[in-house]
Amino acid sequence: MLIRSYANQTWLYGDVFCIINRYVLHANLYTSILFLTFISIDRYMLMKHPFREHLLQKKEFAVLISLAIWVLVTLELLPILPLINPTTTEEGINCLDYASSGDPRYNLIYSMCLTLLGFLIPLSVMCFFYYKIAVFLKQRSRQLTTTLPLEKPLLLVIMAVVIFSMLFTPYHVMRNVRIATRLDTWKQNQCTQEIIKSLYIVTRPLAFLNSAVNPVFYFLMGDHFREMLMSKLRQHFKSLTIFRR
Numbered sequence: 107m108l109i110r111s112y113a114n115q116t117w118l119y120g121d122v123f124c125i126i127n128r129y130v131l132h133a134n135l136y137t138s139i140l141f142l143t144f145i146s147i148d149r150y151m152l153m154k155h156p157f158r159e160h161l162l163q164k165k166e167f168a169v170l171i172s173l174a175i176w177v178l179v180t181l182e183l184l185p186i187l188p189l190i191n192p193t194t195t196e197e198g199i200n201c202l203d204y205a206s207s208g209d210p211r212y213n214l215i216y217s218m219c220l221t222l223l224g225f226l227i228p229l230s231v232m233c234f235f236y237y238k239i240a241v242f243l244k245q246r247s248r249q250l251t252t253t254l255p256l257e258k259p260l261l262l263v264i265m266a267v268v269i270f271s272m273l274f275t276p277y278h279v280m281r282n283v284r285i286a287t288r289l290d291t292w293k294q295n296q297c298t299q300e301i302i303k304s305l306y307i308v309t310r311p312l313a314f315l316n317s318a319v320n321p322v323f324y325f326l327m328g329d330h331f332r333e334m335l336m337s338k339l340r341q342h343f344k345s346l347t348i349f350r351r
């Protein structure tokens, strides 16, 4: 739908589908962020209690967490609905997001709040738990022999944070910059404004690329992470038992 609209440089599907389309894109983005945050908590709990099932791994609790995430994201995105409307230009009708239409003063305030609640706080939580995982792995690596390294699980932890930051940070930065450039108090030439607009447009598909990248990465990380960790811990406990004998 969006690809065809971008190719034809006009929106053909009416107001309702414009709102639905933009809402679904944002809902997908911010639910993904929260799910990734809870995955980091799940990984940490697995590290602390590798031989027992913790609360997040129980089906009933996982369903409640999923519902809570969707409710929270819905509440976060309710203010966005009146900000999304097709705009008539010389080239035709365009379905613009709120960064490129509406009152920039109100939109910037909302965008900053959404950036804080929907991105920065989850990012901080994720970094905290992955830092705790990294510390745990470093401590375990010192206790293990040189033939039992934990570099691979540690590399997965680092990759998780890097992928998260690379996908989401540019979008949130450029979205706020894009809205700020539309304020009357922001004085810039047309060339600068077009560059900022272009950079913002580039960061959007990068952020939404998480739907393709993250499922693959976390699928590979899930059981593989557990298997590597459990294998290393079993070897560690076995080596301790032999040493005590």
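Numbering of the sequence shown is given in the working numbering, commencing with residue 107 and proceeding in unit increments. C-beta atoms are modelled at their ideal positions from N, C-alpha and C, and glycine is treated no differently.
| Item | Value |
| --- | --- |
| Given this structure, state the Cα-to-Cα distance separating Val241 from Leu152, to the nearest angstrom. | 14 Å |
| Please identify the residue among Ile145, Val177 and Ile186 whose C-alpha is closest to the C-alpha of Cys124. | Ile186 |
| Quick one: what's Cys201 bridged to in DSSP? | Pro192 |
| The alpha helix (DSSP H) that contains Phe144, what's its start and end? | Gly120 to Lys154 |
| Roughly how many angstroms lie between the CA atoms of Ser271 and Thr194, to the nearest whole one? | 35 Å |
| According to DSSP, simplified to helix, strand and coil, what is Arg284? | helix |
| Are the Cβ atoms of Pro192 and Ile199 separated by less than 8 Å? | yes |
| With 16 as the cutoff for other CB atoms within 10 Å, does His278 come out buried or exposed? | buried |
| Would you be able to state if there are at least three C-beta pairs under 8 Å between the segment 161-174 and the segment 213-231? | no |
| Relative to the C-alpha of Thr143, which candidate in His155, Val267, Thr309 and Arg128 has its C-alpha closest? | Val267 |
| Can Val179 and Leu140 be called in contact, C-beta distance under 8 Å? | yes |
| Under the assumption that Ser79 contacts Arg284 (Cβ atoms under 8 Å), give the Cβ distance between them as a whole number of angstroms. | Outside the shown range of the chain (107 to 351) lies residue 79, about which nothing can therefore be said. |
| Check Leu305 in the structure and name its three-state DSSP category. | helix |
| Please list the terminal residues of the continuous alpha helix (DSSP H) segment that includes Ser217. | Pro210 to Thr221 |
| Keeping to the same chain, check which residues put their C-beta closer than 6 Å to that of Met280; ignore five residues upstream and five downstream. | Leu305, Tyr306 and Thr309 |
| Give the range of the alpha helix (DSSP H) segment to which Leu181 is assigned. | Lys165 to Leu183 |
| Measure from the alpha carbon of Tyr376 to the alpha carbon of each residue in Leu229, Val263, Ala318 and Thr275, then state which is nearest. | With the chain covering only 107 through 351, there is no way to say anything about residue 376. |
| Does DSSP put Ser317 in a helix, a strand or coil? | helix |
| In whole angstroms, what is the alpha-carbon distance linking Asn213 and Asp290? | 14 Å |
| Leu312 by DSSP, collapsed to three states: which one? | helix |
| Give me the residue from Gln299, Ala313, His155 and Lys238 with the minimum Cα distance to Phe274. | Ala313 |
| Quick one: what's got a C-beta closer than 8 Å to Ile175's C-beta in the same chain, skipping five residues either side? | Thr137, Leu140, Phe141 and Phe144 |
| Are there 16 or more other CB atoms within 10 angstroms of the CB of Leu261, so buried, or fewer, so exposed? | exposed |
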